[in-house]
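Residue numbers (my numbering), protein chains in the order written: chain A, 270 to 406; chain B, 270 to 406. A virtual CB, placed ideally from N, CA and C, is assigned to each residue, including glycine. Okay, structure first, notes after.
There are 2 protein chains.
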Amino acid sequence: MNTSKAIELLKKKGYKTTGKRKDILTFFDDADGYRTAKELIQHLETIHDGISFDTIYRNLHLYHEMGILELTELNGEKHFRMSCTHHHHHHFICKDCGKTKDIDVCPMDEVKKTLVNYSIEDHKFEIYGLCPACQTA
Amino acid sequence: MNTSKAIELLKKKGYKTTGKRKDILTFFDDADGYRTAKELIQHLETIHDGISFDTIYRNLHLYHEMGILELTELNGEKHFRMSCTHHHHHHFICKDCGKTKDIDVCPMDEVKKTLVNYSIEDHKFEIYGLCPACQTA
DNA sequence: TTACAAATCGGAATGATTACGATATGATAT
DNA sequence: ATATCATATCGTAATCATTCCGATTTGTAA
């Protein structure tokens with residue numbers, strides 16, 4: 270997913286493509302990893318006079334529901350990143366910079382065999398640590 | 270992990286074994302799944318006149334740091350359960366009742382090969398859905 | 001360019017968690 | 001048993017992320 274695809278999607282679904290909405294998308298497009306609502310607010314405040322919590326959180330939810338953003342909870346805070354729309358995979362997440370590395374291994378096929386009477390709605394497989402760049406820093 | 274082992278551990282480390290601490294342990298011992306601070310408070314209020322947030326959260330942190338409790342974040346809330354001290358494994362977690370089922374599959378050995386210059390500190394593999402009992406309810 | 005639904009604003013409310021000074025209480029030595 | 005004292009708890013206020021709401025503004029379609 271990227272900014273222009275997301276804007277197409279907004280238009281197709283009848284949502285308005287406002288300046289703020291575009292700015293939020295380019296923020297995540299540039300981010301290349303997980304970012305918090307707070308980081309987004311700090312960024313938007315540098316280019317807009319006033320920005321409401323309402324605008325931030327409403328659009329984060331909208332984007333998440335539309336599949337534009339992925340969500341994970343770390344340290345009591347929600348973190349968002351641009352959705353990976355190609356093949357199914359998971360992430361290594363750097364605790365310092367939030368950047369991610371794709372992990373192509375997914376054991377769900379094997380796991381499903383052991384959960385015959387369970388209804389599976391979702392799963393999460395994440396690896397946490399420091400990326401090479403943040404280790405030397 | 271269970272209540273009596275945890276109490277031993279507390280004594281060995283020089284922590285006091287108070288009534289509240291024991292009650293918290295038996296709550297999780299009986300719970301057989303993930304529980305929130307709120308659920309713990311509600312339980313403790315039925316057997317004690319007044320219970321402070323401070324006591325709840327301080328002990329939850331202590332138990333987590335000591336390896337007595339495991340922690341996961343769901344829906345903006347921290348959830349705790351008795352640690353599984355036997356072999357390494359992961360969990361299916363029921364969204365309704367919080368009960369868990371062990372998942373013995375762990376793909377970390379394979380994953381580590383693809384993260385040669387990364388320092389891995391932790392990983393999470395969880396499956397969410399409804400357990401058989403909660404599906405029929 | 002007008003009209004109107006949708007989006008945003010500003011700020012108050014909520015819910016989980018943390019912080020803190022005052023008080024109470026296990027554990028140890030007497 | 002009792003006194004001592006560090007540790008634990010209390011009660012409540014503060015903090016932090018997030019949600020909510022009435023009033024105002026702004027894309028968009030006609």
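In terms of alpha-carbon separation, which member of B:Glu-390, B:Phe-394, B:Leu-399 and B:Ala-402 lies closest to A:Gln-404? Taking the first residue of the first sequence as position 1, residue 404 of chain A is located at position 135. Closest option to A:Gln-404, Cα to Cα, is B:Glu-390.
Just curious, the beta strand (DSSP E) that B:Asp-391 is in, first and last residue? As a working note, residue 391 of chain B is residue 122 in the second sequence. Looking at the DSSP string, the run of the beta strand (DSSP E) that includes B:Asp-391 is 388–399.
Quick one: give me the first and last residue of the alpha helix (DSSP H) that A:Thr-315 is part of. What you label residue 315 of chain A is simply residue 46 of the first sequence in a count that begins at 1. A:Thr-315 -> alpha helix (DSSP H) spans 306–316.
Is the CB of A:Lys-368 under 8 Å away from at least one CB in chain B? If you number the first sequence from 1, residue 368 of chain A lands on position 99. Not a single CB atom of chain B sits nearer than 8 Å to the CB of A:Lys-368.
Does the CB of B:Leu-309 have a neighbour CB from chain A at under 8 Å? Your numbering for residue 309 of chain B matches position 40 in the second sequence. Judged by the 8 Å Cβ criterion, B:Leu-309 is not in contact with chain A.
Please report the residue range of the alpha helix (DSSP H) in which B:Ile-293 lies. Residue mapping note: residue 293 of chain B aligns to position 24 of the second sequence, counting from 1. Boundaries of the alpha helix (DSSP H) around B:Ile-293: 288–300.
Note down the Cα distance separating A:Thr-295 from B:His-392, rounded to an integer number of angstroms. The residue labelled residue 295 of chain A in the question sits at position 26 within the first sequence. The residue labelled residue 392 of chain B in the question sits at position 123 within the second sequence. Between A:Thr-295 and B:His-392, the C-alpha separation is close to 29 Å.
Assuming B:Ile-358 contacts B:Asp-371 under a Cβ cut-off of 8 Å, what Cβ separation, rounded to an integer in Å, is found between them? Here residue 358 of chain B refers to the residue found at position 89 when the second sequence is read from its first residue. Here residue 371 of chain B refers to the residue found at position 102 when the second sequence is read from its first residue. Position check: residue 358 of chain B holds His in this sequence, whereas Ile was assumed. Rounded, the Cβ-Cβ distance is 5 Å, consistent with contact.
Between B:Leu-331 and B:Asp-292, what straight-line distance do the alpha-carbon atoms span, to the nearest angstrom? For the purposes of this step, residue 331 of chain B is identified with residue 62 of the second sequence, where counting begins at 1. For the purposes of this step, residue 292 of chain B is identified with residue 23 of the second sequence, where counting begins at 1. Each residue's Cα considered, the two are about 15 Å apart.
Return yes when the Cβ of B:Arg-350 is within less than 8 Å of the Cβ of B:Glu-339, no when it is not. One-based indexing of the second sequence puts residue 339 of chain B at position 70. One-based indexing of the second sequence puts residue 350 of chain B at position 81. Their beta carbons are under 8 Å apart, which means B:Glu-339 touches B:Arg-350 by this criterion.
Is the number of C-beta pairs between the stretch 361–375 of chain A and the stretch 303–314 of chain A that are closer than 8 Å three or more? When C-beta atoms of the stretch 361–375 of chain A are compared with those of the stretch 303–314 of chain A, three or more pairs fall below 8 Å, so the two segments count as touching.
If we ignore side chains and look at the alpha-carbon of each, how far apart do B:Leu-399 and A:Glu-395 end up? One-based indexing of the second sequence puts residue 399 of chain B at position 130. One-based indexing of the first sequence puts residue 395 of chain A at position 126. C-alpha separation (whole angstroms): 21 Å.
Taking Cβ to Cβ, would you say A:Glu-342 is nearer than 8 Å to B:Gly-345? The sequence position of residue 342 of chain A within the first sequence is 73, counting from 1. The sequence position of residue 345 of chain B within the second sequence is 76, counting from 1. Contact: yes.
Identity of the residue in B:His-360, B:Phe-297 and B:Asp-318 nearest B:Leu-309 by Cα: Here residue 309 of chain B refers to the residue found at position 40 when the second sequence is read from its first residue. It is B:Phe-297.
So, with DSSP's three-state summary, where would you put B:Ile-362? Within the second sequence, numbered from 1, the residue matching residue 362 of chain B stands at position 93. Note: B:Ile-362 maps to strand in three-state DSSP.
B:Ile-372 - partner residues in DSSP beta bridges: Here residue 372 of chain B corresponds to residue number 103 of the second sequence, with the count starting at 1. In the DSSP output, where bridge partners are listed per residue, B:Ile-372 has B:His-359.
Is the Cβ of A:Leu-386 closer than 8 Å to any Cβ of chain B? The residue labelled residue 386 of chain A in the question sits at position 117 within the first sequence. Note that residue 386 of chain A is Asn in the sequence shown here, rather than Leu. Closer than 8 Å to some Cβ of chain B, the Cβ of A:Asn-386 qualifies, so yes.
Please confirm whether B:Gly-302 has its beta-carbon closer than 8 Å to some beta-carbon of chain A. Reading the second sequence from its first residue, position 33 is the one you call residue 302 of chain B. Taking Cβ atoms only, chain A never reaches closer than 8 Å to B:Gly-302, which makes this a no.
Minimum C-alpha distance to B:Ile-320 - residue among B:Lys-347, B:His-360 and B:Gly-288: Within the second sequence, the letter at position 51 stands for residue 320 of chain B. With respect to the C-alpha of B:Ile-320, the residue from B:Lys-347, B:His-360 and B:Gly-288 having the closest C-alpha is B:Gly-288.
Can you pull the chain B neighbours of A:Ile-372, defined as C-beta to C-beta under 9 Å? Start at 1 with the first residue of the first sequence, and residue 372 of chain A comes out as number 103. Residues of chain B passing the Cβ test: Pro-376, Val-380, Thr-383 and Leu-384.
Could you have a look at A:Glu-354 and say whether DSSP puts it in helix, strand or coil? Locating residue 354 of chain A in the first sequence gives position 85, where the first residue counts as 1. The residue asked about is misnamed: residue 354 of chain A is Thr in this sequence, not Glu. If DSSP states are grouped into helix, strand and coil, A:Thr-354 belongs with coil.
Residues that DSSP places opposite B:Thr-341 in a beta bridge: Stepping through the second sequence from its first residue, residue 341 of chain B is reached at position 72. For B:Thr-341, which the question treats as bridged, DSSP gives the partners B:His-348.
Starting from the Cα of A:Lys-347, find the closest Cα among A:His-356, A:Ile-325, A:Cys-353 and A:Thr-354 and give me that residue. If you number the first sequence from 1, residue 347 of chain A lands on position 78. Checked all of A:His-356, A:Ile-325, A:Cys-353 and A:Thr-354; the closest Cα to A:Lys-347 is A:Ile-325.
By DSSP, does B:Thr-405 sit in helix, in strand, or in coil? Residue numbering aside, residue 405 of chain B sits at position 136 when the second sequence is read from its first letter. When DSSP states are grouped into helix, strand and coil, B:Thr-405 belongs to the helix group.
What residues from the stretch 387–405 of chain B come within 7 Å of chain A, judged by C-beta to C-beta, listed N to C? Tyr-387, Ser-388, Ile-389, Glu-390, Asp-391, His-392, Lys-393, Phe-394, Glu-395, Ile-396, Tyr-397, Gly-398, Leu-399, Cys-400, Pro-401 and Gln-404
Among B:Ala-402, B:Ala-406, B:Lys-382 and B:Ile-276, whose alpha-carbon lies nearest the alpha-carbon of B:Met-335? Residue mapping note: residue 335 of chain B aligns to position 66 of the second sequence, counting from 1. The option with the nearest alpha carbon to B:Met-335 is B:Ile-276.
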